[in-house]
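See the structure below:
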């Protein structure tokens, strides 16, 4: 049996649950799928910390040519934080955005 990487989520009740790393990757991809102004250029890299309680996320992306860089990046970070929070009850340790330039939807 292959052991999948998971994040252990403690609740305020007497139980905890596990969230697979792939679920977090899928949630990050969904953020990009729902945002036409930023394109994901590679698979998101999600790294689970040593005690399996949180994650670091590395993302490579491009922004639409005519968009405001600062606004779009802040909105992207906020949305990813909210998606991850909804899964593991905490914000990610770090979101590392690697900006790879612009794209033009006409080309």
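Numbering (this note's numbering), first residue to last: 6 to 112. Ideal Cβ positions, reconstructed from N, Cα and C, are used throughout, including at glycine. Note that the structure is predicted; figures quoted are calculated from it, not measured.
Inset, instruction - Can you have a look at residue 103 and say buried or exposed, based on whether 16 or more other CB atoms are within 10 angstroms of its CB? - result: exposed
Legend entry - Coil, strand or helix - residue 34 by DSSP: helix
Legend entry - residue 11 to residue 40 span [Cα, whole Å]: 27 Å
Inset, instruction - Indicate whether residue 51 and residue 88 have their beta-carbon atoms separated by less than 8 Å. - result: no
Inset, instruction - Report yes if the CB atom of residue 92 is closer than 8 Å to the CB atom of residue 29, and no otherwise. - result: yes
Inset, instruction - Measure the Cβ-Cβ separation of residue 22 and residue 14 and say whether it is below 8 Å. - result: yes
Legend entry - Test item: CB-CB of residue 68 and residue 49 under 8 Å: no
Legend entry - Which of helix, strand or coil DSSP assigns to residue 77: helix
Inset, instruction - Find the nearest neighbour of residue 26 within the set 94, 53, 18, judged by alpha-carbon distance. - result: 53
Inset, instruction - Output yes or no for whether 8 Å exceeds the beta carbon distance between residue 43 and residue 101. - result: no
Inset, instruction - Could you name the residues of the same chain whose beta carbon sits closer than 7 Å to that of residue 57, not counting the 5 residues immediately before and after it, in chain order? - result: 11, 12, 13
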